[in-house]
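Counted the way our numbering counts, the sequence shown spans residues 3 to 542.
C-beta atoms are modelled at their ideal positions from N, C-alpha and C, and glycine is treated no differently.
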Amino acid sequence: MDEERITVRIMGEEDECPGYGIDRETGKPFSTGEMKIIIDGALMLMVPEDERYRFLNIRMTLMNAGQAYYEGAGEGGKIEYASPECSGPYELARYVTAGMRIMTNGVESYLRDHSDIIFRAYKTNCGSDIRSEQVAPTCGSHANYLIPRRVTLDELKEKLVPFMASRWGVIGNGWLAYWEGSLYFLFSQRSQSMADLPIESGNTTMNPLKPFLNTRDEPHANKDRWRRLHDISGNHNCSEQQIVLKHGTMDCVLAAIEDGFLIPPPAPADPDCPDYTHASKRFNQDIACIDGILTTDGTRWTWLAYQRYYAAQCKRYFAAYPEALTDERARMLALWEHTLDLCEAQDFASLARYLDWTIHLWHFVRPAVKKLGFDWRVIFASGVWPGVPAEEKIASGRGTFSLRERLLQIIIEYNDINIARSLYGLLLGRGAIDRIFIDQEIQDAVENPPAVRPTWRNKAIRWMRTHEPPGYLRTLYDIGWSKISIKDMRRDNPQQYRYGYAVNEDPKNGDFDGEAFERALLTEKEVTYSTDPNNYCDEE
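This is how it looks when you write it as structure tokens:
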């Protein structure tokens with residue numbers, strides 16, 4: 003067996019959650035600068051008081067060894083949660099769900115002391131508006147997967163992008179399109195921003211069009227053996243089971259690619275959809291699973307056909323390499339195929355037990371459209387339905403709104419990070435959505451790291467804080483994923499100091515040897531800080 007064949011993959015997720023703040027007295031929305039003050043204040047309250055030294059370099063390293071920070075790219079302000087490194091999709095789903103609880107705790111603690119403001123944060127890719135013929139700015143839900151260095155970027159583009167461009171019916175979180183006065187329902191908020199660009203495209207943060215993958219070659223591991231696959235096409239998901247499905251299907255496909263087993267499907271050859279940029283957008287509209295594209299083999303493929311192809315390729319791979327088929331992967335293949343079967347059967351009631359897009363469609367969109375007197379399927383964007391007049395008025399407990407305004411409002415409120423206030427939490431409390439984890443399992447993921455490198459990170463942080471050498475004043479200097487730094491200043495002369503580094507390039511290793519760290523620190527030479535420009539020391 004190849005020593006680099008991955009049976010349990012290290013993976014993580016980063017979620018940018020846009021925030022909205024208003025001054026209660028004036029009703030004035032907060033500026034970007036004011037939003038940063040609020041978010042920084044909330045970050046400090048995400049850990050116990052005696053752990054707040056972890057707030058370094060604008061980031062808070064959390065008790066579960068993940069990180070939370072202010073993300074200021076674009077307009078407004080966002081809280082971003084980066085999960086710790088996890089072993090497989092089920093553990094990752096637990097820590098992603100815990101991240102929402104951690105951010106909620108910080109925000110609500112801040113608001114208790116600042117009753118003069120209203121502040122909300124949402125786990126949503128898009129804001130509260132839709133614009134025809136324009137690509138609206140979106141927030142990211144990025145995923146990271148540890149893959150062997152031998153897998154080339156060209157191979158990933160050829161074999162992985164078709165899977166990613168066709169998976170919106172599996173990972174989507176529900177969105178709306180506004181075309182020529184009519185409203186349509188889409189699988190995904192993120193899809194409209196994705197393009198089949200070179201995967202080394204720069205400026206993926208600010209560019210409204212983004213490649214499905216980018217290099218971001220920061221493996222935080224031995225770079226000669228590993229690379230980090232940075233997937234920037236993901237949707238924010240609230241459903242625990244859908245988070246598992248999103249990451250677990252990717253893991254299965256990557257496993258087949260890594261062993262050179264996966265054969266790419268036929269490429270687009272459609273005059274209207276000549277590449278995966280256009281195909282992705284058509285697939286995102288195809289709720290009814292009927293809008294195929296012409297491919298190089300002369301047949302038409304829907305998104306469902308692409309996904310069935312990849313599921314079959316993975317099953318063939320695991321049949322050839324049974325040692326790679328773990329219990330988690332077996333469950334994942336079964337859930338994947340079951341989901342595709344339900345999509346083909348248009349069994350929205352069953353899908354609404356665990357897919358965010360279907361929860362929106364079944365519980366909110368369908369009743370609203372029927373209330374206006376329409377056959378609710380007319381809102382499908384699959385090409386044979388006319389849509390619903392977007393400005394049709396609909397009454398709610400808050401007043402009368404256009405259908406467009408009301409459904410956007412519902413989608414945003416479904417994704418409030420505070421599930422005690424969100425529509426997702428309301429349905430969860432009613433038993434309308436399936437859960438995987440009990441509350442104690444989520445709380446454990448709030449307070450404790452996974453049993454891989456995040457455990458090393460917490461051990462190293464605690465050691466460095468509690469083992470101050472005689473004659474020195476020790477401060478944490480930086481906390482990264484694979485490197486933690488300290489600065490020891492001499493008590494008798496603070497301008498004399500030394501640096502120490504703890505490095506762990508093995509994401510599966512949770513051990514930290516504090517005594518070995520201190521022995522290595524003794525070999526570090528001291529440097530001197532001087533304000534004299536002719537007498538300085540390069541701190542690096």
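Bounding residues of the alpha helix (DSSP H) (the contiguous stretch that carries residue i)
{"i": "Asp42", "result": "34-46"}
{"i": "Phe514", "result": "Per DSSP, Phe514 belongs to no alpha helix (DSSP H) and is neither H nor E."}
{"i": "Ile412", "result": "405-416"}
{"i": "Asn450", "result": "First-last for Asn450: undefined, no H or E at that position."}
{"i": "Arg114", "result": "91-114"}
{"i": "Gly427", "result": "425-431"}
{"i": "Lys161", "result": "155-167"}
{"i": "Ala351", "result": "350-353"}
N- and C-terminal bounds of the beta strand (DSSP E) containing residue i
{"i": "Met62", "result": "61-63"}
{"i": "Val367", "result": "Run containing Val367: none; DSSP gives neither H nor E here."}
{"i": "Ala326", "result": "Note, Ala326: premise wrong, no beta strand (DSSP E); not H, not E."}
{"i": "Ile24", "result": "12-25"}
{"i": "Ala123", "result": "119-123"}
{"i": "Tyr475", "result": "One detail in the question is off: residue 475 reads as Leu in this sequence, not Tyr. First-last of the beta strand (DSSP E) with Leu475: 474-481."}
Selected residue, minimal CA-CA separation from residue i, among the options
{"i": "Ile245", "options": "Thr99, Ala351, Glu507", "result": "Thr99"}
{"i": "Phe514", "options": "Ile289, Ala145, Lys461", "result": "Lys461"}
{"i": "His365", "options": "His232, Ala354, Leu374", "result": "Ala354"}
{"i": "Ala447", "options": "Met65, Lys373, Ala269, Asp343", "result": "Met65"}
{"i": "Met46", "options": "Ile440, Cys19, Thr106, His249", "result": "Thr106"}
{"i": "Met13", "options": "Leu306, Leu148, Trp305", "result": "Leu148"}
{"i": "Ile421", "options": "Leu211, Ile120, Cys240, Ser190", "result": "Cys240"}
{"i": "Tyr479", "options": "Gly473, Asp490, Asn450", "result": "Asp490"}
{"i": "Gly23", "options": "Glu520, Leu178, Lys80, Pro270", "result": "Lys80"}
{"i": "Phe165", "options": "Glu110, Trp305, Thr34", "result": "Trp305"}
{"i": "Leu158", "options": "Gly262, Glu330, Arg493", "result": "Gly262"}
{"i": "Trp359", "options": "Trp387, Gly174, Gly502", "result": "Gly174"}
{"i": "Glu182", "options": "Gly502, Ala383, Ile440", "result": "Ala383"}
{"i": "Arg408", "options": "Arg151, Asn417, Ile419, Glu393", "result": "Glu393"}
{"i": "Leu188", "options": "Ala167, Tyr112, Phe285, Ala281", "result": "Phe285"}
{"i": "Gly399", "options": "Gln411, Asp219, Gly176", "result": "Gln411"}
{"i": "Tyr546", "options": "Thr328, Glu517, Gln287, Tyr92", "result": "This structure gives no information on residue 546, because the portion of the chain shown stretches from 3 to 542."}
{"i": "Ser143", "options": "Ile488, Arg11, Glu73", "result": "Glu73"}
{"i": "Arg333", "options": "Thr279, His249, Asp277", "result": "His249"}
{"i": "Arg152", "options": "Leu113, Arg122, Glu260", "result": "Glu260"}
{"i": "His469", "options": "Arg437, Glu520, Gly482", "result": "Glu520"}
{"i": "Ala258", "options": "Trp483, Ser282, Glu6", "result": "Glu6"}
{"i": "Arg11", "options": "Ile292, Leu113, Ala145", "result": "Ala145"}
Residue i burial status per 10 Å Cβ neighbour count (16 or more: buried)
{"i": "Gly68", "result": "buried"}
{"i": "Tyr55", "result": "exposed"}
{"i": "Pro20", "result": "buried"}
{"i": "Ser543", "result": "This structure does not reach residue 543, given that the chain is present from 3 up to 542, and the question cannot be answered."}
{"i": "Asn511", "result": "exposed"}
{"i": "Pro348", "result": "The sequence shown places Gln at residue 348, rather than the Pro named in the question. Exposed is the call here."}
{"i": "His340", "result": "exposed"}
{"i": "Thr301", "result": "exposed"}
{"i": "Tyr308", "result": "buried"}
{"i": "Met3", "result": "Note that Met3 has pLDDT 37, beneath the 50 cutoff, so the model's placement of it is unreliable and no number is given."}
{"i": "Ala397", "result": "exposed"}
{"i": "Ser117", "result": "exposed"}
{"i": "Arg432", "result": "exposed"}
{"i": "Asp233", "result": "buried"}
{"i": "Lys527", "result": "exposed"}
{"i": "Asn224", "result": "exposed"}
{"i": "Tyr531", "result": "exposed"}
{"i": "Asn495", "result": "exposed"}
{"i": "Val505", "result": "exposed"}
Residues sharing a beta bridge with residue i, DSSP
{"i": "Ala504", "result": "Ile486"}
{"i": "Asn549", "result": "Any property of residue 549 remains undetermined from this structure, which presents the chain solely from 3 to 542."}
{"i": "Lys212", "result": "Met196"}
{"i": "Asp494", "result": "DSSP, once it has assigned bridges, lists no residue as partnering Asp494."}
{"i": "Pro391", "result": "Ser184"}
{"i": "Val529", "result": "Tyr499"}
{"i": "Lys80", "result": "Pro20, Glu73"}
{"i": "Ser398", "result": "Gly401"}
{"i": "Tyr147", "result": "Met13, Leu231"}
{"i": "Cys88", "result": "Met13"}
{"i": "Pro31", "result": "Ile24"}
{"i": "Leu58", "result": "Arg61"}
{"i": "Phe382", "result": "Phe187"}
Any C-beta of chain B under 7 Å from that of residue i
{"i": "Pro20", "result": "Of the chains in the structure shown, none is chain B; there is only one protein chain."}
Which residue spans inside the stretch 260-314 form an unbroken beta strand (DSSP E) run of at least 3? none
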